[in-house]
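S.K.: Position one of the sequence shown corresponds to residue 0 (numbering that gives the first Met the number 0), numbered consecutively onward.
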Amino acid sequence: MKVIILAAGYATRLYPLTLTQPKPLLPVAGKPMVEHVLDNLAPITEIDRVYVVTNAKFAGHFEKWSEQYHATKSKFEFTVVNDHSTDDTNKLGAIGDINYVLKTQNVDDDVIVVAGDNLFSDKLGDFGKFCRAKNAPALAVYDVGNLEEIKKYNSITTDAAGRITFFEEKPKNPTSTLTGIALYFYPKATIPLIRQYIAEGNNPDQPGRLVQWLYPRTPVYTWRVPGLWFDIGSKETLEEANQIFAKF
């Protein structure tokens, strides 16, 4: 099983913090936020390689970090993949980056995709068990608690088996407080569909759009994230995460 960490954004909302440092390498509670992600994925024993997809500006930062992290803290093998973008005008987009890794690295395996700035309070070993049991595309979901908050994300409806029956990005009139977050499982058999999505000229940004396209074509299941989930998108949420995660 492989992991693709999405880390090719420029995080302009966090300037000046991210002018010289990629967002996933900013510290939260004493360690880079991407290490929180990887430490929580570590219980999934099938993972044998992590691909960090980033841009030309920050590829060297991730190379240096991954060598140190692998040598001292991690059993994972790392490959840093430079998508050769230089700013927001020529970026590939999150789905474009997933496709780029699959194509350039000849990935022929089950894949977990996760954003490098998503923080979880709990280990994700049960996500691995869920994915093995379903052997179908899976999306991690989180209850944000109110309908106003969900308008910033996406809204999801599922059937009794947890299969997605409705998915809408940034809904204007949401009826559910359940949102899909940037933690996905794509079994090996799904990889041709990802290629098809890109080949058809669909929007290559916002990874949820792939799920929105995928669920009418093949069953996509949901897994509820335990504990807390944080999406670091601003200085305020970064500061809040520092305070909360210092307690764990």
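Just so you know, even glycine gets a beta-carbon here, dropped at the ideal spot from N, CA and C.
Is the distance from the Cβ of GLY124 to the Cβ of ILE155 below 8 Å?
M.R.: In this structure, ILE155 does not lie closer than 8 Å to GLY124 by Cβ.
S.K.: With a CB to CB cut of under 6 Å and the five nearest residues on each side skipped, what residues in its chain are close to LEU227?
M.R.: The answer, listed in chain order, is SER120.
S.K.: Could you check how far apart the C-beta atoms of ARG208 and ILE46 are, in whole angstroms? I think they sit under 8 Å.
M.R.: Not confirmed; about 25 Å, so no contact.
S.K.: To the nearest angstrom, report how far apart ASN39 and ALA28 are at their CA atoms.
M.R.: Cα-Cα distance, rounded: 15 Å.
S.K.: Using alpha carbons as the reference points, say which of LYS128, ASP108, TRP212 and PHE57 lies closest to PRO42.
M.R.: Out of LYS128, ASP108, TRP212 and PHE57, LYS128 has the C-alpha closest to the C-alpha of PRO42.
S.K.: Spell out a yes or no on whether the segment 142-153 and the segment 59-73 are touching, meaning 3 or more CB-CB pairs, one atom from each, closer than 8 Å.
M.R.: Short answer: they don't touch.
S.K.: To the nearest angstrom, how far is it from the Cα of ARG12 to the Cα of LYS102?
M.R.: Cα to Cα, ARG12 sits roughly 30 Å from LYS102.
S.K.: Classify GLU239: buried if its beta carbon has 16 or more other beta carbons within 10 angstroms, exposed otherwise.
M.R.: Exposed.
S.K.: Comparing C-alpha positions only, which one of ASN145, LYS133, GLU168 and GLY115 sits nearest to ASP109?
M.R.: Per the Cα distances, LYS133.
S.K.: If ASP96 sits next to VAL52, beta carbons under 8 Å apart, how far is it from one beta carbon to the other, in whole angstroms?
M.R.: ASP96 to VAL52, Cβ: 5 Å. Contact.
S.K.: Using alpha carbons as the reference points, say which of ARG131, ASN89 and LEU25 lies closest to MET0.
M.R.: It is ARG131 whose Cα lies nearest to the Cα of MET0.
S.K.: Evaluate contact between the segment 156-172 and the segment 207-223, counting only Cβ atoms and requiring at least three cross-stretch pairs below 8 Å.
M.R.: Flag = yes, the segment 156-172 and the segment 207-223 touch.
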